[in-house]
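Notes follow the structure.
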Amino acid sequence: MRFRPRCSGRSGRRAARPSRSVRATQPDDYRALADALPRLPARVLSLWAADPDGADRAFSSAYCLAQMVQESDPAPGLRLVFAATGSARLGDETRSQPGTAALLGLVRVAPREIAGLSAALVDIGAQDAAMAAPLLAE
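So for the sequence shown, our numbering puts the first residue at -14; every next one is plus one.
The following block contains the structure:
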């Protein structure tokens, strides 16, 4: 996955910094990313678990991200949101990716381990995941 800062300050313009590659299950990549940032953003959206082909990486990528946040001593108010497909059963649907349900444990535990952190797991449907495909391709 490529990481690009979306904006630089209040202007809303794209940051001039180059993009960085982060491999889902490589803690060193997350540490390098944290070192490259002047500070952690107030909101972080993780889409690794939204990729139906990447469900096997969902928990390890979330764990690496939470570990990076903890090691970075974040400012209070940091919010982590993990988007996943098929982690919950909605209506009469079946869980298509039950392995991503393990993210719920991380979402519950991480705020207890990291002061000032809040976390959420958002299960998006297959149609929403299709709309996220361009982001996942980056």
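Every residue gets a Cβ at the ideal spot worked out from N, C-alpha and C, and that includes glycine.
Please read all numbers here as calculations on a predicted model, not as lab measurements.
Open item on the list: In the DSSP assignment, the alpha helix (DSSP H) including Ala27 goes from what residue to what residue?
Closed with: Neither: Ala27 is in no alpha helix (DSSP H) and is coded neither H nor E.
- [ ] Round the Cβ separation of Val66 and Ala9 to the nearest angstrom and send it over; I've been treating them as touching at under 8 Å.
- [x] About 17 Å separates the two Cβ atoms, so there is no contact after all.
- [ ] Compare the C-alpha of Ala68 against each of Glu98, Gly76, Glu56 and Ala47 and name the closest.
- [x] Ala47
- [ ] Measuring alpha carbon to alpha carbon, tell me which of Pro23, Arg28, Asp14 and Ala35 ends up nearest Val107.
- [x] Ala35
Open item on the list: Comparing C-alpha positions only, which one of Pro59, Asp13, Arg42 and Trp33 sits nearest to Pro23?
Closed with: Pro59
Task: Reduced DSSP secondary structure (H/G/I, E/B, other) of Val7 - done: coil
Task: For Leu65, the three-state DSSP class (helix, strand or coil) - done: strand
Task: Distance between Gly62 and Arg16 (C-alpha atoms, nearest Å) - done: 20 Å
TODO: Output the boundary residues of the beta strand (DSSP E) element that contains Ala40.
DONE: Unbroken run through Ala40: none, as it is neither H nor E.
Task: Beta-carbon separation (whole angstroms), Met53 vs Ala19, contact threshold 8 Å - done: 5 Å
- [ ] Let me know the secondary structure DSSP gives Asp108 once reduced to three states.
- [x] strand
Task: For Thr85 and Ile109, the rounded distance between their alpha carbons - done: 12 Å
Open item on the list: Assuming Gly90 is part of the alpha helix (DSSP H), what are its boundary residues?
Closed with: Leu88 to Glu98
- [ ] For my contact list, Phe44 and Ala87 are in at a C-beta cut-off of 8 Å; report their separation, rounded to the angstrom.
- [x] The C-beta distance from Phe44 to Ala87 rounds to 5 Å, short enough to meet the 8 Å contact threshold.
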